[in-house]
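Okay, structure first, notes after.
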Amino acid sequence: MARSKSKDSRRKTAINNKWAWKWSFLVLVMIFAIVFRLTGLSGWLTLGPAIAFALMGIGIMIFISRKQKKMVHCVAFCPIGTVVNFARFISPFRMSIESSCTGCMQCIPSCPYDALNIEDIKSGKPGLTCTLCGDCVTTCEVNAIRYHFFRLSPTASRNLYLFITISLHILGLGLARM
Ligand code: SF4
Ligand code: SF4
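Laid out in structure tokens, this is it:
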């Protein structure tokens with residue numbers, strides 16, 4: 307009984323209707339972009355809605371993400387985040403939950419991107435909002451959550467992923483400062 311209550315409380319940490327929110331914001335931004343383009347509005351007139359959208363994101367970050375201890379602004383709001391979620395289908399990096407998983411559900415609260423729930427764990431892989439951040443990996447006592455990159459070992463795959471990600475961040479920062 308205590309175990310099932312514990313599972314229920316973890317399930318409540320999920321972001322409700324995240325896909326409905328994600329698609330809504332993505333479609334909204336696309337409509338605004340198309341309307342702005344077709345009407346040929348000047349940069350200054352388009353700046354207002356852009357600033358309003360950015361402030362909305364900052365508000366979600368401050369008032370909702372912090373409270374829920376999840377990246378709600380990334381998972382349910384940011385249109386780029388939604389596009390990136392689908393880019394994973396062309397990424398050679400994968401993450402799986404192996405058959406050694408005991409179903410303890412300890413990893414669920416560790417995922418800031420709402421990509422681990424009971425159904426995801428049963429399906430053997432994190433949900434579509436997984437960013438491969440790796441926060442959940444060390445919470446699994448049986449090492450059931452693993453990175454994959456072609457024939458490399460899970461550890462080598464993770465190290466390669468970290469190397470590439472960190473390198474790209476450094477490159478981006480370097481370019482931004484040029
Ligand atoms: S992946 Fe690991 S932490 Fe998550 S439910 Fe399975 S055994 Fe538990
Ligand atoms: S790597 Fe783990 S913690 Fe990070 S987003 Fe994916 S499932 Fe969540």
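Counting from 307, one number per residue, gives the positions in the sequence shown under the working numbering. Built from N, CA and C at the ideal position, the CB exists for glycine as well.
Problem set entry | Inter-residue spacing [alpha-carbon to alpha-carbon] between Ser473 and Phe456 | Within the sequence shown, residue 473 is the residue found at index 167, counting from 1. Within the sequence shown, residue 456 is the residue found at index 150, counting from 1. Looking at the two C-alpha atoms, the distance is approximately 20 Å.
* Using the rule of at least 16 other Cβ atoms within 10 Å of the residue's Cβ for burial, across every protein chain shown, is Asn323 buried or exposed? -> Translated into positions along the sequence shown, residue 323 becomes position 17. Exposed, by the Cβ-count rule.
message = Taking 7 Å as the cut-off, is the beta-carbon of Ala421 closer than that to any non-hydrogen atom of ligand 2?
response = Along the sequence shown, one-based indexing puts residue 421 at 115. Answer for Ala421: yes, Cβ within range of ligand 2.
- Give me the Cα-Cα distance between Leu422 and Cys442, rounded to the nearest whole angstrom. Within the sequence shown, residue 422 is the residue found at index 116, counting from 1. Within the sequence shown, residue 442 is the residue found at index 136, counting from 1. Cα-Cα distance, rounded: 9 Å.
Helix, strand or coil for Phe456, going by three-state DSSP, please let me know. Translated into the one-based positions of the sequence shown, residue 456 becomes position 150. Coil at Phe456, not helix or strand.
Practice problem: Quick one: grab the DSSP three-state call for Arg309. | Solution: Numbered from 1 along the sequence shown, position 3 holds the residue referred to as residue 309. The predicted position of Arg309 is uncertain, since its pLDDT is 43 and thus under 50; no value can be drawn from it.
Taking 6 Å as the limit between beta carbons, can you name the residues of its chain near Cys407, skipping five residues before and five after? Working through the sequence shown from its first residue, we reach residue 407 at position 101. The residues are Ala450.
Considering only residues of the same chain and omitting the five flanking positions on each side of Met307, which have a CB-CB separation below 8 Å? One-based indexing of the sequence shown puts residue 307 at position 1. Its pLDDT being 40, under 50, Met307 is placed unreliably by the model, and nothing is read from it.
### Message
Output needed for Lys328: all residues of its chain with C-beta closer than 7 Å, excluding positions within five of it in sequence on either side, in chain order.
### Response
Looking up residue 328 in the sequence shown gives position 22. So the qualifying residues of the chain are Ala382 and Thr388.
Checklist line | Sub-8 Å separation of Lys431 and Met411 beta-carbons | finding: Reading the sequence shown from its first residue, position 125 is the one you call residue 431. Reading the sequence shown from its first residue, position 105 is the one you call residue 411. Going by C-beta atoms, Lys431 is not nearer than 8 Å to Met411.
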